[in-house]
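Start counting the sequence shown at 39; every next residue gets the next number (this note's numbering). We treat Cβ as the ideally placed atom computed from N, Cα and C, and that holds for glycine. Every value quoted in this text rests on a predicted model; they were computed, and no experiment measured them. One structure below.
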Amino acid sequence: MNGYPTQRTFSSALVLATVIGLSLIGSSAILAKASVTVFNIKHAEKRIVVTGSAARRIRSDLVVWRAAVRSQAAEMSTSYRKLSTDVPAVVEFLKAHGIDPKQIKVSATSVSEIHARDKDGRELPETTVAFITEQRIEVSSTEIEKVERVSREATELIDRGVYVTSEDPLYIYTKLAELKVKMAAEASRDARNRAEQMAAQAKTRITSLISSRMGVMQINPAYETSVSGEGNNDRTSLEKDVLAVATATYGID
């Protein structure tokens with residue numbers, strides 16, 4: 039023992055120093071990585087996507103009813119003469135039932151041919167056996183109950199020898215454009231309320247609106263809830279259920 043470090047002692051010290059050095063390097067790397075992670079979390083773009091909706095029951099304020107008056111005869115002139123008396127008869131029937139003449143629209147006459155067929159059922163276009171003449175009548179009115187009644191009673195004309203076919207009434211809401219604006223605002227407010235509630239549950243808060251998109255409006259018969267990508271626009275029912283949907287993206291702390 040001469041007071042000087044032996045080769046073995048020196049080697050042990052070198053190993054220890056190396057281990058400590060590597061440990062410090064590793065610790066620095068871990069701390070650096072943790073700092074980057076914290077920075078990313080703190081500065082990451084945080085957002086929340088919500089969907090809001092608004093629903094209303096509306097009642098149609100306009101009814102449109104259409105009917106076709108038709109006549110058929112072997113000669114076109116005969117068919118047309120019959121039609122020229124039947125159409126005024128239908129118009130008089132409507133006026134007698136309280137329909138304003140200004141609400142009645144009569145279309146131009148259309149003519150079609152019926153052709154003979156051979157024994158195999160193939161049509162023979164060169165042989166005409168009859169002519170069909172037709173005119174369409176349309177009634178547009180805000181007096182919905184009156185038009186509904188007329189549409190049901192129009193078949194009485196058949197007993198008078200008038201060939202008339204009645205379509206189901208169409209029910210229209212004429213203030214739909216104005217309603218869409220109001221319901222879009224309601225759906226957007228509902229989306230924000232949902233976003234605030236979700237943010238509160240997560241112990242954060244919403245900051246700004248990033249984007250907003252309105253979905254297509256769904257108009258269905260009352261009590262029906264069908265949805266389509268193009269949007270529904272029911273015209274078969276007097277009362278309708280309207281649904282508007284808004285999707286919004288909000289930034290959060």
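Would you decide whether residue i is buried or exposed? Buried here means 16 or more other CB atoms lie within 10 Å of its CB.
| i | result |
| --- | --- |
| glycine 90 | buried |
| valine 177 | buried |
| glycine 64 | Its pLDDT being 49, under 50, glycine 64 is placed unreliably by the model, and the measurement read from it follows with that caveat. Glycine 64 should be labelled exposed. |
| serine 226 | buried |
| proline 163 | exposed |
| isoleucine 196 | exposed |
| valine 265 | exposed |
| valine 219 | exposed |
| valine 185 | buried |
Inspect the beta-carbon positions of residue i and residue j and report whether they are closer than 8 angstroms.
| i | j | result |
| --- | --- | --- |
| isoleucine 244 | isoleucine 142 | no |
| serine 204 | alanine 223 | no |
| threonine 171 | tyrosine 118 | yes |
| valine 200 | aspartate 124 | yes |
| tyrosine 247 | alanine 282 | The residue you asked about is not tyrosine; residue 247 is leucine in the sequence shown. Contact flag unset, no. |
| tyrosine 209 | valine 101 | yes |
| isoleucine 129 | glutamine 173 | The amino acid at residue 129 is misidentified as isoleucine; the sequence shows valine. No, they are not a contact pair. |
| alanine 105 | valine 202 | yes |
Check whether the Cβ of residue i lies closer than 7 angstroms to any heavy atom of the ligand ADP, and answer yes or no.
| i | result |
| --- | --- |
| valine 149 | As for the ligand ADP, it is missing from this structure, which has no ligand bound. |
Does any residue of chain D bring its CB to less than 8 angstroms from the CB of residue i?
| i | result |
| --- | --- |
| alanine 92 | The displayed structure is made up of one protein chain only, and chain D is not part of it. |
Counting along the chain, where does the beta strand (DSSP E) carrying residue i start and finish?
| i | result |
| --- | --- |
| arginine 104 | 100 to 111 |
| asparagine 258 | 256 to 259 |
What are the boundary residues of the alpha helix (DSSP H) that includes residue i?
| i | result |
| --- | --- |
| arginine 198 | Premise fails: arginine 198 is in no alpha helix (DSSP H) and is neither H nor E. |
Next on the checklist: With three or more C-beta pairs closer than 8 angstroms as the rule, is the stretch 240 to 258 touching the stretch 267 to 280?
Outcome noted: As far as the Cβ criterion goes, the stretch 267 to 280 touches the stretch 240 to 258, which means the pair count is three or higher.
What runs of the alpha helix (DSSP H), each 4 residues or longer, lie entirely inside the stretch 143 to 196?
182 to 191, all fully within the stretch 143 to 196.
- prompt: Touch check for the stretch 231 to 249 and the stretch 138 to 155: three-plus C-beta pairs under 8 angstroms?
  reply: Short answer: they don't touch.
* In chain order, which continuous runs of the beta strand (DSSP E) of length 3 or greater are located wholly inside the stretch 111 to 136? -> Note on the stretch 111 to 136: there is no whole beta strand (DSSP E) run with a minimum of 3 residues.
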